[in-house]
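A short write-up of the structure that comes next.
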DNA sequence: TGACAATATTACCATATGGCGATATGGTTG
DNA sequence: CAACCATATCGCCATATGGTAATATTGTCA
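Chains as they are written, first to last, in our numbering: chain A, 1 to 121; chain B, 122 to 242.
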């Protein structure tokens, strides 16, 4: 924010980044890669996904500059290219947890409405 | 990351948050709200959008706990409920800018391939 | 070069999402 | 209550996106 008052292009780029992280399967992909480089095959096994789907999402993350790619023989190793995403996830995680807690409290409040005195049930 | 190895539900929540930010129009909405509470009408004018669309996106942001809502007469004021989003945007902005710079450098490198000696064009 | 393994690409379907006009709802004022 | 704001919701369409099977590509090795 603040700095991208600028062009619509910049906003588009930012949005794209967020959209990349806005997909559960891709988050799980990144989660798997957090412990280090992995081949497509290894990732497929780890996530119990199907290969074309994994490749597709990896491609998207690669195009966005979030993951790196390295070929070795017939295998391709993917890794985290931009560790900042972990900071992002961390922030969002905390924030989402906070929100969830508030929602829960609100529900509680509805269930036990303002016990002014002792409670009369 | 790290902390949401846990449930798929948590991953879903995180993804949803990111998805909320993964839409140019919503980013612009938040940009407008950064300078303070605004009514729907004011936002419509500021973004030159149409009212139902603005309301819809505001509703989504509200459901996600990103913006707050306050009624005053027939108007409704929206504001930022979770300022963390600005940190997020800031991080992504920097990161995206970095990526853009790298892409540019790569292009340059292709255009002017390794001038070993003087240059032979 | 042929056979095989790993990964990428394509094609297609189902669903999700955004934009927008028409309409409903909620609140104010007379 | 009627008329009139401001906002929310609905219905529809066009497009984007994710999942998956079939197929193409790339690299290795004999």
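Just so it is clear, CB atoms sit at the ideal spot from N, CA and C, and this is done for glycine as well.
Can you find a CB in chain A that lies within less than 8 Å of the CB of residue 159/B? Residue mapping note: residue 159/B aligns to position 38 of the second chain, counting from 1. Cβ-Cβ to chain A under 8 Å: no for residue 159/B.
Neighbouring residues, chain B, relative to residue 99/A (Cβ below 7 Å): Residue 99/A sits at position 99 when you count from the first residue of the first chain. Residues of chain B passing the Cβ test: 186.
Quick check on DSSP: helix, strand or coil for residue 193/B? Taking the first residue of the second chain as 1, we reach residue 193/B at position 72. DSSP places residue 193/B in strand when its eight states are reduced to three.
How would you call residue 130/B, buried or exposed, if buried means at least 16 neighbouring beta carbons within 10 angstroms? Start at 1 with the first residue of the second chain, and residue 130/B comes out as number 9. That one is exposed.
For residue 172/B versus residue 188/B, is the C-beta spacing smaller than 8 Å? As a position in the second chain, residue 172/B is number 51, starting the count at 1. As a position in the second chain, residue 188/B is number 67, starting the count at 1. No, the pair does not count as a contact, with Cβ atoms beyond the cut-off.
To the nearest angstrom, how far is the alpha carbon of residue 98/A from that of residue 18/A? Translated into positions along the first chain, residue 98/A becomes position 98. Translated into positions along the first chain, residue 18/A becomes position 18. For residue 98/A and residue 18/A, the distance between alpha carbons rounds to 20 Å.
With C-beta atoms as the reference, is residue 28/A less than 8 Å away from residue 132/B? The sequence position of residue 28/A within the first chain is 28, counting from 1. The sequence position of residue 132/B within the second chain is 11, counting from 1. Yes, the Cβ-Cβ distance between residue 28/A and residue 132/B is below 8 Å.
Strictly under 8 Å for the Cβ-Cβ distance: is residue 164/B near chain A by that measure? Position 43 of the second chain, counted from the first residue, corresponds to residue 164/B. No, residue 164/B does not count as interfacial toward chain A.
Give the secondary structure of residue 12/A by DSSP, where H, G and I count as helix, E and B as strand, and everything else as coil. To locate residue 12/A, count along the first chain from 1; it is residue 12. Reduced to three states, the DSSP call for residue 12/A is helix.
CA-CA distance, residue 108/A and residue 100/A? The residue labelled residue 108/A in the question sits at position 108 within the first chain. The residue labelled residue 100/A in the question sits at position 100 within the first chain. So the two alpha carbons sit approximately 12 Å from each other.
By alpha-carbon positions, which one of 102/A, 104/A, 89/A, 45/A ends up nearest to residue 24/A? Your numbering for residue 24/A matches position 24 in the first chain. Here the closest residue by C-alpha is 89/A.
Segment limits, alpha helix (DSSP H) that includes residue 174/B: Taking the second chain and counting its residues from 1, the one referred to as residue 174/B is at position 53. Segment 172 to 184, the alpha helix (DSSP H) holding residue 174/B.
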